[in-house]
Structure formats: structure tokens, C-alpha cells
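Letter 84 of the sequence shown, counting from 1, is numbered 84 in UniProt numbering, and no numbers are missing.
Here a beta-carbon is modelled for each residue, glycine too, at the ideal position from N, C-alpha and C.
Accompanying notes for the structure given below.
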Amino acid sequence: MNKITRKILIEKILLLKKDEIDEFYQTAIPDSHVVEKKYKNKFMYSLNYSSTFRKIQSNINTVLNPLLDLNNSAIAYRTGFSYFDFLEPHAKNYHFLRMDISSFFHSLNVDDVKETISQYIDDDVVNTKHNQKLIDVIIKCITHTIPTKFENKNFHDKAILPIGFSTSPIISNISFRKIDILIQKLCVKLNITYTRYADDMLFSSPRNKKIIHSEFFLKEIKILVSLLGLKINNKKTIIKSHTISLNGYIIQNQIRLTGFAGLFSPLSPSEIRLSNKKTVIIDKLLHHILVKKYSNEEILKKLFKQDVRKMMRYGNREKYVKAYSLDQILNKLTGYRSFLLSIISHNTKFKSTSDETIEKYKIQINKIEKCINILDKKKIHT
1 MNKITRKILI EKILLLKKDE IDEFYQTAIP DSHVVEKKYK NKFMYSLNYS STFRKIQSNI
61 NTVLNPLLDL NNSAIAYRTG FSYFDFLEPH AKNYHFLRMD ISSFFHSLNV DDVKETISQY
121 IDDDVVNTKH NQKLIDVIIK CITHTIPTKF ENKNFHDKAI LPIGFSTSPI ISNISFRKID
181 ILIQKLCVKL NITYTRYADD MLFSSPRNKK IIHSEFFLKE IKILVSLLGL KINNKKTIIK
241 SHTISLNGYI IQNQIRLTGF AGLFSPLSPS EIRLSNKKTV IIDKLLHHIL VKKYSNEEIL
301 KKLFKQDVRK MMRYGNREKY VKAYSLDQIL NKLTGYRSFL LSIISHNTKF KSTSDETIEK
361 YKIQINKIEK CINILDKKKI HT
């Protein structure tokens, strides 16, 4: 197995000069380099732009990524993989189970992380003066001990793998690999399909295999996850049959529903598609622009509950309000367009979405492009 050697660490990760090597000792990332932000109920961390650790973490990713042998059930943060690859293996199944790992990144034990990634790093030291091992240098560069002055009280004085550090995704996949393997072995025995996207675990099975909804199976998964000191967030567990909605996407199995007077309705398509909630928002946005001809500010307020004038520092200045509102609507339109195009592109390869749904998305894309052209012209002339 290829490993990170002393030479690679010094020359390709730390970028040390020759006269720096003999005296070098890696200290922890200073608190002053780390920015804490709270998004909804999650704390996220980033390195400030002047921090040298930004480049070091980027170098670690570049060097470490080619060395990894990840389990094929782990989909997130892998080159060439998308959220569709997380959903696709389940497209033909009937029973579904979604389980969420609570505080995934921050709950990974740093000692476990160290043990796991040590197999990819030579057992060597940077210099004989300090005898600091290569693995300890790497750990100092990818973790952070949350200071008491930060808001995240649950992890005060604890070393964590911070959400937001560029190395955390790849390191989390390495750390969870042994659990992925154990879960996959269990699932193979029970004829269950398993994929994981970061902290989201998705299971599915054929119609005649409902064991994934049993207390036995849920308990087994909780036990396996606990081997790394992790817990399942029971509030986010989803148990469904025929159809499951995940982050704006729907996996729907084919079924024939009994109608009135003993008649049978047509077969519902077996497919991966956008949720009705998502498509309704897109349709409303298009209707507001093309038919109602609302201003961008009105659309943000009516459809997205964003009062631009209250949000902005210069909310009383018409020029800024119009410019900001236009950018926001254009961002949403281009985002929805990319969203729809990604489904069409994925369907070209896997044929996992019905022709009827694809045609509907193509019509929406055409309307979105029409709206973008209208707004862009306005933008040019203002």
C-alpha cells in the first residue's frame, strides 16, 4: 500500500523549506484561525482566508484521496459521484428506511480517526529534535478543540472533526469505512440494499422483504453505529413503503391502485423524481414572472417569505433593493435549472425517471431559460 511518507509530508503537504525541517513542530490550529457559524441547529467551522492551514488541508486532500479504498456504499464527497448515486440503487425496491447519524462529524472520536488514517501514513517522525510523528502532524492540521468562548457548548474543550473543514468529508468516509463494511455484510445476508451519503443512511428491500422495518434491524444498525461512539437521531428516522421523500427527491415504486367501482387505475411509474413540493415552487416562480409579472422583490416576499427591505442594511435605497432582488431570483432560477438538468442527465444513463416526468422537466427548463433571458435583459439595461 502506498503511504504518506516523511518526504511527502514535508514537500507536498507542509511545503517546508530545508532550513525549517530540523526545528519544525506542528502545533494545534489557533482559535484565531477558526470561524464558527450556526446554520439552523448545526454549528459549522471554517478557516479564515489568511490561515496557512487552508492550503495544508487542501494538500492533505490531494495527497490522501488517491490512496483511499472506500466502501462502495459510501457516496458523498467522492469524485464522479452525486446524490443520484446515493438514491439510484434503491430505485426498484419497495420498502425504505432512512436513518440519520446524530452530529456525525463532531461525534467521531479523534482517537478512532487517528487509528484509522494511520494505515495510510508511515510510522516516522518529522525530525529527531521533537520526535513528532507524521500522524500527529496530520491530526493537528485536520481537527480543532472547541474553546469555551465558542457557542457550541456541547463540544467545549473537545477535539472534533469540524463540519466545514475541507478535510472533514474525506476523513469521515475513511473513519466510517469499517462500519460501512459491517452494515453491508448484514444487508447482503438479508437481501437489503444500503447506501450512505455522509450522515444519511438509506436502506431498501423488495416488496416481500419487510425486515428493514423491524425492531430487530433498527437495533442492529444502532449497535453497529455505536461501535464508533455514534448515535442515531431517532427523530429523523423515516420508515416508508412504495414512496419515500428525501431532501427534495422522491423514490417511487410501481404500484397499481384500486379505484372506484372495482376499476383499476393505471400503474404509477417506478422512478426517481423531484418532490411535488419542489416542482410546485418552481411552477409558482415561473407563473409569478411570466403571467403575474410581479417584481423580483414581490416574488421574494410572496413565495420565499423574504422581506428584502428588512434584511438589507440599505433597504430604503431602491437601487440596492432592485439589484439584490434580481440577483436572488436569478440565482434561484439557475439553481432550479441545474437541478432539473441533473435529473435529465442522470436519466440518460440509468433510465430511472419516466418519460412523462422528463418531458415535464424539459418544459420547465424552457420556461426557466425564458425567464432568465427576460431578467438578464432588464439587468443589462439598468
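When the options are compared against residue i, the one with the closest alpha-carbon
i	options	result
N72	D157, F304, Q184 and L326	Q184
K235	T27, V63 and S102	S102
S175	E20, I212 and D112	D112
H119	T353, K351 and D136	This sequence places Gln at residue 119; His is not what is there. Out of T353, K351 and D136, D136 has the C-alpha closest to the C-alpha of Q119.
residue 383	K302, F81, N247 and G229	Beyond the ends of the chain as shown, which are 1 and 382, falls residue 383; an answer cannot be given.
L285	I299, S275 and I272	I299
G164	K42, I192 and H346	K42
Bridge partner(s) assigned by DSSP for residue i
i	result
R78	Paired residues: none, contrary to the question.
H144	I160
T193	S204
E215	According to DSSP, which records beta bridges pairwise, E215 is partnered with nothing at all.
Residue i (DSSP reduced to helix, strand or coil)
i	result
L228	coil
D136	helix
L14	coil
D180	helix
L97	strand
L274	strand
T167	coil
M44	strand
S50	coil
N21	This sequence places Ile at residue 21; Asn is not what is there. It is helical.
L108	coil
S172	helix
S58	helix
residue 390	Absent from the model: residue 390. The displayed extent of the chain is 1 to 382, so no value can be given.
K37	strand
T27	coil
K362	helix
Beta-carbon proximity list for residue i, same chain, < 6 angstroms, skipping 5 on both sides
i	result
I372	L333
K278	G248
S231	Note that residue 231 is Lys in the sequence shown, not Ser. Contacts found: S102.
S204	H90, N93, F96 and T193
Cβ shell of residue i (< 8 angstroms), same chain only, five flanking positions each side left out
i	result
I4	I13, V63, L64, L67, Y120, I121, D122, L134 and I138
Quiz item: At a cut of 8 angstroms, does the stretch 227 to 247 reach the stretch 46 to 65 through at least three beta carbon pairs?
Solution: By the Cβ criterion, the stretch 227 to 247 is not in contact with the stretch 46 to 65, since fewer than three pairs of Cβ atoms, one from each stretch, lie closer than 8 angstroms.
Quiz item: Between the stretch 209 to 226 and the stretch 151 to 161, do three or more beta carbon pairs fall short of 8 angstroms?
Solution: no
Exercise. Indicate whether the contact test is met: 3 or more Cβ pairs, each with one atom in the stretch 25 to 34 and one in the stretch 86 to 102, closer than 8 angstroms.
Key: no
Quiz prompt | Three CB pairs or more closer than 8 angstroms across the stretch 115 to 131 and the stretch 4 to 23 | solution = yes
Quiz item: Touching or not, the stretch 322 to 338 and the stretch 359 to 370, by the rule of three or more beta carbon pairs under 8 angstroms?
Solution: yes
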